[in-house]
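**Student:**
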Amino acid sequence: MELLKSIQERYSPRAFDSREIEQAKIDALFEAARWAPSSYNGQAWRFIYATKENPELWNKLFDALVEFNQTWVKNAPLLIMTVARKTYEHNKQAYAHNWHDVGLAVGNMMNQATEMGLYMHQMGGFDFGKAASNINLPDELEPVSMIAVGYKGDVSVLPEDFRKMENQPRTRKALDEIVFTKAF
Ligand SMILES: Cc1cc2nc3c(=O)[nH]c(=O)nc-3n(C[C@H](O)[C@H](O)[C@H](O)COP(=O)(O)O)c2cc1C
Numbered sequence: 013m014e015l016l017k018s019i020q021e022r023y024s025p026r027a028f029d030s031r032e033i034e035q036a037k038i039d040a041l042f043e044a045a046r047w048a049p050s051s052y053n054g055q056a057w058r059f060i061y062a063t064k065e066n067p068e069l070w071n072k073l074f075d076a077l078v079e080f081n082q083t084w085v086k087n088a089p090l091l092i093m094t095v096a097r098k099t100y101e102h103n104k105q106a107y108a109h110n111w112h113d114v115g116l117a118v119g120n121m122m123n124q125a126t127e128m129g130l131y132m133h134q135m136g137g138f139d140f141g142k143a144a145s146n147i148n149l150p151d152e153l154e155p156v157s158m159i160a161v162g163y164k165g166d167v168s169v170l171p172e173d174f175r176k177m178e179n180q181p182r183t184r185k186a187l188d189e190i191v192f193t194k195a196f
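Using the numbering used here, the letters of the sequence shown map in sequence onto residues 13 to 196.
(1) Would you call Pro25 buried or exposed, if buried means 16 or more other Cβ atoms sit within 10 Å of its Cβ?
(2) Using a Cβ-Cβ cut-off of 6 Å (strictly less than) and excluding sequence neighbours within five positions of Phe28, which residues of its own chain qualify?
(3) Report the start-end ranges of each beta strand (DSSP E) in the stretch 51 to 84 that is 3 residues or longer and not cut off at the edges.
(4) Please tell me whether, using a cut-off of 6 Å, the distance from the CB of Met135 to the nearest non-hydrogen atom of ligand 1 is below it.
(5) Assign Tyr23 to one of two classes, buried (16 or more other C-beta atoms within 10 Å of its C-beta) or exposed (fewer than that).
(6) Using only the alpha-carbon positions, how far apart do Ala40 and Asp188 sit?
(7) How far does the alpha helix (DSSP H) with Gly119 in it extend, from its first residue to its last?
(8) Is there contact between the stretch 116 to 133 and the stretch 61 to 77, where contact requires at least three CB pairs shorter than 8 Å?
(9) What residue range is occupied by the uninterrupted beta strand (DSSP E) comprising Leu90?
(10) Specify, as a first and last residue, the run of the beta strand (DSSP E) that Glu154 falls within.
(11) Considering Gln134, what are the terminal residues of the beta strand (DSSP E) in which it resides?
(12) Taking three-plus beta-carbon pairs below 8 Å as touching, is the stretch 110 to 117 in contact with the stretch 47 to 60?
(13) Where does Ala27 fall in DSSP's three states?
(14) Any heavy atom of ligand 1 closer than 6 Å to the CB of Ser157?
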């Protein structure tokens, strides 16, 4: 049950330590993502990442975030943009499960992050058009999410109203609200 415990205890912090992430750990995140299953093994996922050591690209990604997210993401040492192929490479047909498959890859990354003492916070709060144009995203790809990654920081790095959110208990629907053994 160790994996289940780690899944249950993972959370998405906004207080990040500015400590750099070791390159081997960054590589391991993407290695975990790479082995996710996908529709037709289409591997729809692509990742563009920037650490604070690459301020030019970092700023291109950061610039697309909504202000709410910029307030806390500025402390995170690693920012990832996930993007998806719109079509399968093998037949050029629409890749109906592209976001699903990107999500599976990100799920793998999250478990690997937890295992290495890292935390990830995914975001949908960004300007998709701006994100795409800032990095000259090719037409066959579309933005899916941004992810802040880092070691957990002290809540004192956050403004007061964000500190309260950080300490709120995490909630989930009960199993009987989401799992069914009969037709609707
Ligand atoms: C696709 C996606 C988009 C999200 N967008 C944002 C966001 O823009 N800003 C933010 O602060 N959190 C965002 N979150 C984080 C969720 O609010 C968070 O995962 C959820 O409240 C459950 O909390 P937990 O991850 O700590 O269990 C997003 C999460 C996902 C998976």
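In this text, a Cβ means the ideal position worked out from N, Cα and C, and glycines have one as well.
Small disclaimer: the values here were computed from a predicted structure and weren't measured.
**Tutor:** Judging by the given coordinates:
(1) buried
(2) Asn87, Ala88, Gly162, Gly165
(3) 57 to 63
(4) yes
(5) Answer is exposed; the Cβ neighbour count stays below 16.
(6) So the alpha carbons of these two residues sit roughly 36 Å apart.
(7) Element bounds for Gly119: 110 to 127.
(8) Output reads no: the stretch 61 to 77 does not touch the stretch 116 to 133.
(9) 90 to 97
(10) 153 to 162
(11) 131 to 135
(12) yes
(13) coil
(14) For ligand 1, a non-hydrogen atom lies closer than 6 Å to the CB of Ser157.
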